[in-house]
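For reference, the structure discussed in these notes is given below.
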Amino acid sequence: MSNMLLALLALSLIASPLLAENLLYNGNFETGDLTSWTEAGPNIPQWHGASPVPAQIFHTKSPMFISEIFHQDRGRRIIRRHGMAEQPVARYNWSLGWTRSGSRLMGFPWVSQRIHVSPGKYLVSVKWDVVAGSTVENQGPQTVGGILMVLADDKLNACTTDDLGIRRTTWNNESNGKWVTRSFEAVPLQTRTGYIEVRLQMWDHNDQDIKLPDYQFVAFDNVELHLTPVGPAEGDVKQ
Amino acid sequence: MRKVLLISLLLTSIVIARCVGNLLYNGDFETGDLTRWIPSKPAYFTPLWEQMGKPPTPPQVFCDNAPMYVYQIANGGKYLRRIGVADNCKSKSGYSLGWTRTGGPEMGYPFVSQILQVAPGKYKVDASWDVVAWHLGLKDMPMAVGGIFMVNVDDRVMEQTTNEIVLRRTTWNHESKGQWIHKEVKDFPIETKTGIVEVRLQMWDHNDEPIPESVYEYVAFDNVIFKLIPIGTGTESER
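This is how it looks when you write it as structure tokens:
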């Protein structure tokens, strides 16, 4: 028994430094595209709702466009560019973001990166930059937010804004259209399958349509994920 | 047997009757998006796509308030990213469709298509479109970049090619010189055995050299009209 404990301790000492590195690739979006990230939409099995506004990788020289959700006379729904979004300015070189004007009806816009580690218990530490805001005057609190989520196992790709693992939301009234740096450390998470999803999501909590040229926005940059193994998983494996 | 023939004839008549007028929906891109147009990308054409190269620079539906982005192909086609705004290419009217490219030449064929179902038979094509093509770095080089209007039928629909199969008209940079020009085809005979007809708009990137970041090439289309005038049914051998 003492040998087993020693072996486990040795394993955790070996694994810790490896997992202490940032486990996300392209978390700063410096490739200039969505390399290693998957954009959610009707292509994922759990999806429900209409297509969301598109994720955009933007730059100071190529800012985001304003995505307008528009319903034509016969009920056809389209998403189209309508002007350039002066806010937000990219954090460093490239950043990731969404804009929305027009109709509020859409599914949840998010991008996610899935990593695979050994099944077990971990302490999760994440650091990221985020901005959320609106050009609408006197916009109320919690109308648009940027969610960072960490999910595991059967919660992967869950089409929701609910807290099913770890969820941190930065609302417009907190960011006020300015970049803020957020972080948390050593939050426990268990994975029985070894699959963990890190998700960046726009939470469009505004139940009003937005008239052009106004729009609301969320953007992320410099996302880092660190895992510290703390022990084996408990309970049945659910895929 | 007579009844079957009668129904077939009736169906044919209905479809042919529908051939009157422009058969394309959203040929002027005034929805502001790619409604009814199918963009070429790997998801649609695997495994054929793998033989033909990397994902192409994306089609963009743009307007003067929200112009095209300059897309750069980086790291041998690994990354495809926006590095600026293509101010030089103004839309023809309202929204237009276009592509831009700078950086490496590694990509598959950028095109969008509409697939039509008509009665099998012989037709004359009447078509017209507005097109612009230009290369900001190779102003004196003929045939550096072109905009192809293409019609394919039957089993050649969606083929990964720039070759002329049924009908191809190319507008090169040295003809357009960065200005919108109007092109048309009159009374061009085609025959379809299955009734499936593809109308394709394609960027022909005829320049194999990398393009420096400071310049780019572009092609755009607008106001595409496509009419079929029936001149007979399919040949005996096809029935």
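Protein sequences, first through last, are from chains A and B.
In terms of the numbering used here, the first sequence has 128 at position 128, counting the first letter as 1, and numbering is strictly consecutive.
In terms of the numbering used here, the second sequence has 16 at position 16, counting the first letter as 1, and numbering is strictly consecutive.
All C-beta atoms in this analysis are idealised placements derived from N, C-alpha and C, irrespective of residue type, glycine included.
Model, not experiment: these values are computed from the prediction.
The way I'd put it, the segment 191-200 of chain B does touch the segment 117-134 of chain B; three or more beta-carbon pairs between them come closer than 8 Å.
About 4 Å separates the Cβ atoms of B:V112 and B:W37, confirming a contact at the 8 Å cut-off. Shown here for A:V131: same chain residues with a beta carbon closer than 6 Å to its own, the five before and five after excluded, namely P88, S175, W179, A219 in chain order. Between B:L34 and the set B:D155, B:G98, B:H206, B:E198, the nearest pair of CA atoms involves B:G98. Scanning its chain for C-beta atoms nearer than 8 Å, with the 5 sequence neighbours on each side dropped, one finds around A:C159 the residues A40, I44, Q46, W47, H48, G49, G107, F108, in chain order. Among the residues of chain B, those whose CB is under 9 Å from the CB of A:G32 are Q72, A74, Y79, L80, R81, R82, I83, following chain order. Within chain B, the residues Y69, V70, R81, R82, I83, G84, V85 have their CB atoms less than 9 Å from the CB of A:S62, given in chain order. From the listed residues B:I83, B:I115, B:D140, the smallest Cα separation to A:A90 is found for B:I83.
As computed with DSSP, A:S101 is found in a beta bridge with A:E68. The bridge partners DSSP lists for B:E217 are B:R101, B:H135.
From the beta-carbon of A:M84, the residues of chain B found nearer than 7 Å are A66. Taking a C-beta cut-off of 9 Å against chain B, the contacting residues of the segment 34-67 of chain A are T35, N43, Q56, I57, F58, H59, K61, S62, P63, F65, I66, listed in chain order.
Using a Cβ-Cβ cut-off of 7 Å, A:R168 is close to nothing in chain B; its nearest Cβ partner there is about 28 Å away. Selection A:D207, A:H71, A:T38 evaluated against A:Q216 yields A:D207 as nearest (Cα-Cα). Looking at the DSSP output, A:W128 sits in a beta bridge with A:R182.
Annotated three-state conformation of A:H82 is strand, per DSSP. Close to chain B, meaning a Cβ-Cβ distance shorter than 8 Å, are the following residues of the segment 73-100 of chain A: R76, I78, I79, R80, R81, H82, G83, M84, W94.
Contact check for A:V111 against A:L189 fails: the beta carbons are separated by 9 Å or more. Boundaries of the beta strand (DSSP E) harbouring B:E198: 196-205, taken from the DSSP string.
With respect to B:D126, B:D187 sits close: the two C-beta atoms are nearer than 9 Å.
The CB of B:T102 never comes closer than 7 Å to any CB in chain A; the least such distance is about 12 Å. Cβ neighbours of B:W180 within its own chain (closer than 6 Å, five residues either side excluded): K92, D130, V132. Taking a beta-carbon distance threshold of 9 Å, A:F70 counts as an interface residue toward chain B.
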